[in-house]
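Per full-length UniProt numbering, the very first residue in the sequence shown carries number 1; after that it's consecutive. Every residue, glycine too, gets a C-beta built ideally from N, C-alpha and C. One structure is given below, encoded as structure tokens.
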Amino acid sequence: MSLALALLCLPCALFPTILFIVNLGYYDKPGRRKGAQSQAVSVLIPARNEADGIAAALQAVVTTRDVEFEVVVMDDGSTDGTDAIVLALAETDKRIRLERAPPLPLGWNGKQHACWCLARVARNPILCFVDADVRLQPDCVVRMVNFLDDNSLVSGFPQQITETSLEWMLLPLIHFVLLGFLPISRMRTTTEPGLGAACGQFIMTRADHYFACGGHSGIKLTMHDGLRLPRLFREAGFKTDIADITDLASCRMYTCASEVWNGLAKNAVEGLGAPALIVPVSALLFLGQIQPFLNFGYLIYQQMNGYSTSNGLYLFTLFTVTTTNILVAYVPRILGVIRFRQDWRGAVLHPFSIGLLLAVQWYALFRKILGCKTSWRHRAYE
Numbered sequence: 001m002s003l004a005l006a007l008l009c010l011p012c013a014l015f016p017t018i019l020f021i022v023n024l025g026y027y028d029k030p031g032r033r034k035g036a037q038s039q040a041v042s043v044l045i046p047a048r049n050e051a052d053g054i055a056a057a058l059q060a061v062v063t064t065r066d067v068e069f070e071v072v073v074m075d076d077g078s079t080d081g082t083d084a085i086v087l088a089l090a091e092t093d094k095r096i097r098l099e100r101a102p103p104l105p106l107g108w109n110g111k112q113h114a115c116w117c118l119a120r121v122a123r124n125p126i127l128c129f130v131d132a133d134v135r136l137q138p139d140c141v142v143r144m145v146n147f148l149d150d151n152s153l154v155s156g157f158p159q160q161i162t163e164t165s166l167e168w169m170l171l172p173l174i175h176f177v178l179l180g181f182l183p184i185s186r187m188r189t190t191t192e193p194g195l196g197a198a199c200g201q202f203i204m205t206r207a208d209h210y211f212a213c214g215g216h217s218g219i220k221l222t223m224h225d226g227l228r229l230p231r232l233f234r235e236a237g238f239k240t241d242i243a244d245i246t247d248l249a250s251c252r253m254y255t256c257a258s259e260v261w262n263g264l265a266k267n268a269v270e271g272l273g274a275p276a277l278i279v280p281v282s283a284l285l286f287l288g289q290i291q292p293f294l295n296f297g298y299l300i301y302q303q304m305n306g307y308s309t310s311n312g313l314y315l316f317t318l319f320t321v322t323t324t325n326i327l328v329a330y331v332p333r334i335l336g337v338i339r340f341r342q343d344w345r346g347a348v349l350h351p352f353s354i355g356l357l358l359a360v361q362w363y364a365l366f367r368k369i370l371g372c373k374t375s376w377r378h379r380a381y382e
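Below is the structure:
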């Protein structure tokens, strides 16, 4: 193993780590604003076959305090009794309302169509799109209304509940990628579309600005509203922002390995797996997050078997650079465990997690090249 390779890995590991640390200072938790008069909010939940969790989602939402609100659930052709559960809860709380989505038109993604229909039946000036698997704390909505401030769209990243191995290996990488590659300070000083980011699990926007730029009707084909919707707003000159709502909301996004794999693959080609990005992103992540561990293993193997003929100073430098690479790569994951309450096992297995992430991206790209359809929620998309 050469010192040149070890030195090449170091900046690839340093770049996301330094940006991650810097971003932690900008990645705000929405605060309270005493005495402020909040505008009324429509909490909008698209639901397709969510019978297992829709009751818990609604029971959490109705505990919302310090802001006037309604809760609208758009039943998107459910066949598992989701609508009956919502109707039963609506009988006990008049703030809950069930609407039914019309048949999915050609050229639309199911979730984007349901969200567009929700926006059109909402009665309040602030729209809050929440996935059915998100559980809100009582002051989440009002604090995000305060965070909206002079923005047109804001999004919060909830705590990700992870129980199975593929969940705790892959889902914490949401924060690693977000904070390791998005310069938040620059995002807040410009409306450049390429700097737009959001979490589709929780998006809040001003209704007038939403309709002015087209809202979900402007991204009807996408499966990645967390990326495309804020970019649509920024293309129209509107400001967007993101917030840390780890303490204000939680989400169990997927419940088994196949859901994790297919869920991340379904929109990978719109993000890191895009044809123009996948090669440089793969190189950066492999060199910075995987190669240092391979280097270390090979270095130990050489020493244990007496294969190394290098002098002591060279070996010391090589060992120092390699271990520094590894420590630098681990820093964001350790901070993620502390700040976002991520599972420590995923952090320990960080290089394997990155390997799995890259595998998902390439899998999604090859499926796209082969013309395979993407299936989600029992719907197939080109």
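Margin query: Given this structure, state the Cα-to-Cα distance separating Asp208 from Arg123, to the nearest angstrom.
Written below: 12 Å
Looking at Ser42: is its Cβ nearer than 7 Å to the Cβ of Glu70?
yes
* To do: Identify which residue in Tyr363, Gln342, Ser375 and Arg97 has its Cα closest to the Cα of Ser165.
  => Gln342
Suppose you measure from the CA of Gly371 to the CA of Asn109; what does that come to, to the nearest Å? 17 Å
- Item | Sequence-distant residues of the same chain with beta carbon closer than 6 Å to residue 389, five excluded per side | One cannot answer for residue 389 here, as it falls past the ends of the chain, which runs 1 to 382.
| Nonlocal neighbours in the same chain, by C-beta distance under 8 Å from Gln105, ignoring five residues either side | Correcting the residue identity first, residue 105 is Pro in this sequence and not Gln. Correct list, in chain order: His113.
Throw me the rounded Cβ distance for the Phe352 and Gly180 pair, which I believe falls under 8 Å. Not a contact, Cβ separation roughly 17 Å.
_Cβ contact check for the segment 224-241 and the segment 195-202: 3 or more pairs under 8 Å_ = yes
Worksheet entry | Candidates Leu10, Glu259 and Cys251, of which the one nearest residue 471 by Cα | The structure shown has nothing for residue 471, since the chain only spans 1 to 382.
- Query: Within 10 angstroms of its Cβ, does His378 collect 16 or more other Cβ (buried), or is it exposed?
  - Reply: exposed
What does Tyr381 pair with, by DSSP beta-bridge criteria? Thr374
Is there a Cβ of chain B sitting closer than 7 Å to that of Leu127, yes or no? Absent from the structure: chain B. Only one protein chain is present.
For Gly263, which residues in the same chain have their Cβ closer than 8 Å to its Cβ, ignoring the five residues on either side in sequence?
Met253, Tyr254 and Trp376
- Message: Please classify Phe340 as buried or exposed, where buried requires at least 16 neighbouring CB atoms within 10 angstroms.
- Response: buried
| With respect to the alpha helix (DSSP H) encompassing Ile203, which residues constitute its N-terminal and C-terminal limits? | Here Ile203 belongs to no alpha helix (DSSP H); instead the beta strand (DSSP E) covers Phe202 to Arg206.
Give me, in chain order, the residues of the same chain whose beta-carbon lies closer than 6 Å to that of Leu248; leave out the 5 immediate sequence neighbours on both sides. Gln137 and Cys140
* Taking Cβ positions, are Leu294 and Gln361 nearer each other than 7 Å? -> no
According to DSSP, is Ser250 part of a helix, a strand, or is it coil? strand
What's the call for Phe366, buried or exposed, on a 16-neighbour Cβ count within 10 Å?
exposed
Checklist entry - Quick one: what's got a C-beta closer than 6 Å to Glu192's C-beta in the same chain, skipping five residues either side? => result none
For this session: Locate the beta strand (DSSP E) running through Ile96, then write down its first and last residues.
Result: Ile96 to Arg100
query: To the nearest angstrom, how far is it from the Cα of Leu89 to the Cα of Ile45?
result: 14 Å
List the whole-angstrom C-beta distance separating Gly196 from Trp116, where the pair is believed to meet the contact cut-off of C-beta under 8 Å.
About 19 Å; that fails the 8 Å criterion.
Just how far apart, CA to CA, sit Val328 and Ile290? 12 Å
**Item:** Which of helix, strand or coil DSSP assigns to Val41
**Value:** strand
Discussion item. Checking 7 Å against the spacing of the C-beta atoms, do Thr82 and Ala51 come in under that value?
Written reply: yes
Check your understanding: Which of helix, strand or coil does DSSP assign to Val62?
Key -> coil
*residue 384 by DSSP, collapsed to three states: which one?*
Since the first and last residues shown for the chain are 1 and 382, residue 384 lies out of range.
Option in His350, Asp131 and Val134 with minimal Cα separation from Phe286: His350
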